[in-house]
Amino acid sequence: MHRLFVALRPPPPIRTALATVMEALPGARWQDDDQLHVTVRFLGDVDRHQAEDVAATLANIAAPAPVVRIDGVGTFDRRGIVDTLWAKVVPGEALAALHRKVDQALGRAGVAPDPRRYLPHVTLARFGRHSADPAAIARWVAEHAGLATPAFALPHLILYESHLSADGARYEPVARWPLA
1 MHRLFVALRP
11 PPPIRTALAT
21 VMEALPGARW
31 QDDDQLHVTV
41 RFLGDVDRHQ
51 AEDVAATLAN
61 IAAPAPVVRI
71 DGVGTFDRRG
81 IVDTLWAKVV
91 PGEALAALHR
101 KVDQALGRAG
111 VAPDPRRYLP
121 HVTLARFGRH
131 SADPAAIARW
141 VAEHAGLATP
151 AFALPHLILY
161 ESHLSADGAR
171 YEPVARWPLA
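The sequence shown begins at 1 in UniProt numbering and counts up by one.
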């Protein structure tokens, strides 16, 4: 089985800007440079044949390269406990349109539609089940609420395979297609 997702990769200066806010925070497992991306669509586990179908259908997507910027930070939680810190990517309309286009293409490859609401972001850190300090996280979010970058283009759609281990996830680019 292959654990796949479709993403866009911010350029090096943006990834460097994101790294500047990755500082001491109890329990945070910060993403490294190779992990910084904007997920367009998470697929999960697919077999080899479906992975080939996915790559073939994604190769046919024609879409403009989104021009976006980073504008603030936020958190995701699970059952009231913060498990993720992220940087917000705006404007979301172009990314949402690309998400819909990718979702439709994946449907032709036999992948079920994504039932979740799409929120463009770059994951910065993850927390273990009981390692998040709510007060420290709230301070971090308040300190970095003004995180912002100049506009930048996301010129390539990338299919990644995620390899999970005890040390965290490692992302391997499998295929890459230019956006117009």
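Glycine residues also receive a C-beta, built at the ideal position from the N, C-alpha and C atoms. Note that this is a predicted model, so its numbers are computed, not measured.
With which residues is residue i paired in a DSSP beta bridge?
i: residue 160; result: 5 and 173
i: residue 86; result: 74 and 123
i: residue 140; result: Answer is none; residue 140 lacks a bridge partner.
i: residue 131; result: DSSP output for residue 131 lists no bridge partner at all.
i: residue 166; result: Its beta-bridge partners do not exist; DSSP assigns none.
i: residue 45; result: 3
i: residue 91; result: None, per the DSSP bridge assignment.
Determine the contact status of residue i and residue j, defining contact as a CB-CB distance below 8 Å.
i: residue 98; j: residue 174; result: no
i: residue 89; j: residue 68; result: yes
i: residue 124; j: residue 177; result: no
i: residue 122; j: residue 38; result: yes
i: residue 4; j: residue 160; result: yes
i: residue 36; j: residue 10; result: yes
i: residue 109; j: residue 50; result: yes
i: residue 147; j: residue 73; result: yes
i: residue 27; j: residue 127; result: yes
i: residue 138; j: residue 25; result: no
Going by beta carbon distance, what residues of the same chain come within less than 8 Å of residue i, once the five residues before and after it are set aside?
i: residue 66; result: 8, 94, 95, 98, 153, 154 and 179
i: residue 151; result: 67, 68 and 69
i: residue 48; result: 2
i: residue 167; result: none
i: residue 141; result: 73, 74, 75 and 85
At a cut-off of 7 Å, is residue i close to the ligand PLP when judged by its beta-carbon and the heavy atoms of the ligand?
i: residue 52; result: As far as ligands go, the structure on display features none, and thus does not contain the ligand PLP.
Give me, in chain order, the residues of the same chain whose beta-carbon lies closer than 6 Å to that of residue i; leave out the 5 immediate sequence neighbours on both sides.
i: residue 163; result: 170
i: residue 144; result: 21 and 73
i: residue 71; result: 88, 90 and 148
i: residue 92; result: 120
i: residue 118; result: 96 and 99
i: residue 42; result: 5
Please return the same chain residues whose Cβ sits closer than 7 Å to the Cβ of residue i, not counting the five positions on each side in sequence.
i: residue 107; result: 113
i: residue 53; result: 109 and 110
i: residue 77; result: 83
Assess, as a yes-or-no matter, whether the region 100 to 108 is touched by the region 67 to 84 under the definition of 3 or more beta carbon pairs within less than 8 Å. no
Between the region 13 to 20 and the region 130 to 137, do three or more beta carbon pairs fall short of 8 Å? no
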